[in-house]
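The structure appears below as structure tokens.
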Amino acid sequence: MRKEATVGIIFLLLSVSAVGLFHSVKASTSWSSPTLFSTSPPAFNILPAALQARDTRVYVAWESNRGDPSSTRFDIWYSILSGGIWSTPTNLTSKGSGNFNNAQPALVQHTNGTIFLFWTANFTGSYNIYYERYNSGVWSKRVALTTGVGMDVSPDATVSNNGTMFLMWSRRTISGGTATAQLFLKTLKNNVWSPEVQLTSDSTQNDAPGLTTTTDGTIWLVWQKWIRNAADSQVFSMKYNGTVWSPAVQLVFSSLLDSHPSIMQDRNGTIWIFWSRDLPLGGGLFELKLFAKNSIDNGATWSADQQITFDPVCCQIDDDDPVAIMTLYNNIWLFYDSDLPDASSFSIYYLTSSLIFPVHNVAASGISANPIVTYPGGMKSVGQNGIVKINVTVTNPGDFTENVVVQVTAVNKTSYVAGSATGAVAPGQARYLTINWNTSGVAAGRYKLVETVSPVPGETPGNIGNNTFSVKSVVHILPLGDVEQDGNVDIIDASTVALAFQTTPGTPHWNPYADINGNGIVDIIDVSIMAKNFGVVT
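Be aware that the sequence shown starts at 12, since it is given in this note's numbering, and climbs by one per residue.
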């Protein structure tokens, strides 16, 4: 039974994939046979979302009318895998009454540990995006996020490496009898949602966005775009580098309907895209099957399309709406909906990949400095020796003990190599290394520190993306003559030096910061240094 024919009356146009998180290793990755995720009465269970949480639990949410299969109301159900056992499916959106559809869930975990569930619902006469948060076993109240004209559907979200959440969805409108769908974006930063931004603006339908963040910090977006006068749809992508979005690029090329894409990066750095393709069976019949392709070089090139679900021969079976996660079991779990085994109703199934193990992977993951304010070369009169102690952290998410080489660079208008260090890091562990930066001769300024870990043998291009870590304005090198230590050499500093002129330790008005050359007396040399730097601002 084709899903479109069965649930079209309740807007399962909404049957566009919501979630985009994928992980895998090589095009040669093998897949298990389909496994039924959750049994239920004869009902429609569709559009799964999945999340591997950092606390080791796996979350799956989906759209279903299993609460009352005779009803046209759909709700969001979820189950949690903990300790190898799936919890009993729970209806999250059944609060209140009325025939309000809740559809297309998406799951994401914020850097603070909070789990967000986004979905689309029609409570006001139009579909809008809603969300709830999950903390310590408790779901928050429902929050309406969009109120736009048209139908806001197909949400998906990812969190960037700096903790900003990106939420994408499709807004469908009809004007003059012409239907269009455009992609919109909101970001969540410091608990504040940004205004919405329209990302596409052509005259076709852009639908089913999928998002992921790769180790190098790139935000990847994939979606389905109707082409050739809506004769079929193909998969397109864009990338965000932290500043601008790239132009749209077509990733899948066929004369068939390719839809519901989702994207992820696996633990070996391979980027994967999964989608459904409507394959002809002959006699005017079609069935949806899942396909995948991958890139081992950060999207520079892509493998051929690979079919990963197949016809069981018995009948017209549709496999649709894929979403995958990289589990802590070191393999991919690919969830999807299917009307196996007899095309009578839809249930959630999943495939598991072969192990993505072992892999080489090291990551630059932390940097700090002490002191953070000093003079170039230090200042003898106040006990500074000009050495900034830089502590770096290197982690090993891989499966081999790695010998690492770390270099720290201080960056302002001029860059300086602060130094390097080496050490061994065991799998799953962190190593803390120290670099002593001699600031003699360093220009005054506020310096960003950049930690770079050299790639280890066997580390893939995708995994090298996390080999750099930086923090802005960590160390402030003060200009000589900045007696007040406010970053500027101004009239206040000149007055302070003048007041301390000819003083020595223990005498009235002595100021050790005015003894710039550290010879135990504030003399004409100190005045000259201060005068030379007068007006410098850092």
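Positions of the beta carbon are idealized from the N, C-alpha and C atoms, including for glycine.
How would you label residue 484, buried or exposed, when you count the other beta carbons within 10 angstroms and need 16 or more for buried? Translated into the one-based positions of the sequence shown, residue 484 becomes position 473. Residue 484 should be labelled exposed.
Tell me the DSSP secondary structure of residue 465 in three-state form. Reading the sequence shown from its first residue, position 454 is the one you call residue 465. Residue state, collapsed to three classes: coil.
Secondary structure at residue 507, three-state DSSP: helix, strand or coil? The residue given as residue 507 occupies position 496 in the sequence shown. Helix, per DSSP.
Can you give me the start and stop residues for the beta strand (DSSP E) that residue 197 sits inside? Locating residue 197 in the sequence shown gives position 186, where the first residue counts as 1. Here the beta strand (DSSP E) through residue 197 covers 189 to 200.
May I ask you to list the residues that DSSP assigns as paired with residue 443? In the sequence shown, residue 443 corresponds to position 432, counting from 1. Residue 443 is bridged to 404.
Backbone secondary structure at residue 523 - three-state DSSP: Start at 1 with the first residue of the sequence shown, and residue 523 comes out as number 512. Residue 523: helix per DSSP, three-state reduction.
Name the two residues that bound the continuous beta strand (DSSP E) containing residue 93. Along the sequence shown, one-based indexing puts residue 93 at 82. Run containing residue 93: 86 to 93, per the beta strand (DSSP E) assignment.
6 Å Cβ shell around residue 380 - same chain, five flanking residues per side excluded: Locating residue 380 in the sequence shown gives position 369, where the first residue counts as 1. Excluding residues within five positions, the ones whose Cβ falls inside 6 Å are 399, 401, 485 and 486.
Do the segment 527 to 541 and the segment 380 to 397 touch if we need at least three Cβ pairs shorter than 8 Å? yes
Taking buried to mean at least 16 other C-beta atoms within 10 Å of its own C-beta, is residue 96 buried or exposed? Taking the first residue of the sequence shown as 1, we reach residue 96 at position 85. Looking at its Cβ environment, which holds fewer than 16 other Cβ atoms inside 10 Å, residue 96 is exposed.
Give the range of the alpha helix (DSSP H) segment to which residue 542 is assigned. The count along the sequence shown starts at 1 and reaches residue 542 at position 531. Residue 542 -> alpha helix (DSSP H) spans 535 to 543.
What is the DSSP secondary structure of residue 388, counted as helix, strand or coil? By 1-based counting over the sequence shown, the position of residue 388 is 377. If DSSP states are grouped into helix, strand and coil, residue 388 belongs with coil.
Report the partner residues of residue 167 according to the DSSP bridge assignment. The residue given as residue 167 occupies position 156 in the sequence shown. Beta-bridge pairing links residue 167 to 179.
Could you say if the segment 212 to 221 and the segment 451 to 470 meet the contact criterion of at least three C-beta pairs nearer than 8 Å? no
Reduced DSSP category for residue 172 - H, G, I as helix; E, B as strand; rest coil: For the purposes of this step, residue 172 is taken as the residue at position 161 of the sequence shown. DSSP places residue 172 in coil when its eight states are reduced to three.
If we call anything under 8 Å between Cβ atoms a contact, is residue 48 one with residue 359? As a first step, residue 48 is located in the sequence shown; it is residue number 37 there, counting from the start. As a first step, residue 359 is located in the sequence shown; it is residue number 348 there, counting from the start. Result yes, Cβ atoms of residue 48 and residue 359 sit closer than 8 Å.
What does residue 371 pair with, by DSSP beta-bridge criteria? By 1-based counting over the sequence shown, the position of residue 371 is 360. Answer is none; residue 371 lacks a bridge partner.
Using CA atoms only, rank isn't needed, just tell me which of 67, 87 and 161 is closest to residue 189. Taking the first residue of the sequence shown as position 1, residue 189 is located at position 178. With distances taken between Cα atoms, residue 189 lies closest to 161.
C-beta contact flag for residue 333 and residue 290 at 8 Å: As a working mapping, residue 333 is identified with position 322 in the sequence shown. As a working mapping, residue 290 is identified with position 279 in the sequence shown. Result no, Cβ atoms of residue 333 and residue 290 do not sit closer than 8 Å.
Just to confirm, are residue 246 and residue 233 a CB contact at a threshold of 8 Å? The residue given as residue 246 occupies position 235 in the sequence shown. The residue given as residue 233 occupies position 222 in the sequence shown. Their beta carbons are under 8 Å apart, which means residue 246 touches residue 233 by this criterion.
Between which two residues does the beta strand (DSSP E) holding residue 116 run? The sequence position of residue 116 within the sequence shown is 105, counting from 1. Its beta strand (DSSP E) spans residues 113 to 120.
Evaluate the contact criterion for the segment 55 to 62 versus the segment 347 to 358: three or more CB pairs, one atom per stretch, below 8 Å. yes
Please report the straight-line C-alpha distance between residue 152 and residue 457, rounded to a whole angstrom. Indexing the sequence shown from 1 puts residue 152 at position 141. Indexing the sequence shown from 1 puts residue 457 at position 446. When rounded, the distance between both Cα atoms is 44 Å.
If I measure Cβ to Cβ from residue 352 and keep anything under 6 Å in the same chain, skipping five residues before and after, which residues do I get? By one-based count along the sequence shown, residue 352 stands at place 341. Counting only Cβ-Cβ distances below 6 Å, and skipping sequence neighbours, we find nothing.
On a Cα-Cα basis, can you pick out the residue from 204, 196, 369 and 214 that is closest to residue 187? Position 176 of the sequence shown, counted from the start, is the residue given in the question as residue 187. Ranking 204, 196, 369 and 214 by Cα distance to residue 187 puts 214 first.
Counting only the same chain and skipping the five closest in sequence on each side, list residues whose C-beta sits under 6 Å from that of residue 197. Indexing the sequence shown from 1 puts residue 197 at position 186. If we look at residue 197 and ignore the five residues flanking it on each side, its Cβ neighbours are 178, 204, 205 and 207.
Taking C-beta to C-beta, are residue 525 and residue 508 nearer than 8 Å? The residue you call residue 525 lines up with position 514 of the sequence shown. The residue you call residue 508 lines up with position 497 of the sequence shown. A contact, by the Cβ cut-off of 8 Å.
So who's on the other strand from residue 487, going by DSSP bridges? As a first step, residue 487 must be located in the sequence shown, where it is residue number 476. 384 and 457, per the DSSP bridge assignment.
Considering residue 418, what are the terminal residues of the beta strand (DSSP E) in which it resides? Reading the sequence shown from its first residue, position 407 is the one you call residue 418. Its beta strand (DSSP E) spans residues 413 to 422.
Check each candidate in 442, 212, 180 and 118 and name the one with the smallest Cα separation from residue 259. The residue given as residue 259 occupies position 248 in the sequence shown. It is 212 whose Cα lies nearest to the Cα of residue 259.
Closest to residue 167 by C-alpha separation, out of 438, 129 and 53, would be which residue? Your numbering for residue 167 matches position 156 in the sequence shown. Ranking the options by Cα distance to residue 167, first place goes to 129.
Counting only the same chain and skipping the five closest in sequence on each side, list residues whose C-beta sits under 7 Å from that of residue 317. As a position in the sequence shown, residue 317 is number 306, starting the count at 1. If we look at residue 317 and ignore the five residues flanking it on each side, its Cβ neighbours are 38, 302, 303 and 304.
Taking only the alpha-carbon atoms, compute the straight-line gap between residue 64 and residue 145 and give it to the nearest angstrom. In the sequence shown, counting from the first residue as 1, residue 64 sits at position 53. In the sequence shown, counting from the first residue as 1, residue 145 sits at position 134. Going by the C-alpha atoms only, they are around 12 Å apart.
Since I believe residue 328 is in contact with residue 298 (beta carbons under 8 Å), could you give me their beta-carbon distance rounded to a whole number of angstroms? As a position in the sequence shown, residue 298 is number 287, starting the count at 1. As a position in the sequence shown, residue 328 is number 317, starting the count at 1. Right, their Cβ atoms sit about 6 Å apart.
For residue 473, does the count of other Cβ atoms within 10 angstroms reach 16, so buried, or fall short, so exposed? By one-based count along the sequence shown, residue 473 stands at place 462. Buried: at least 16 other Cβ atoms inside 10 Å.
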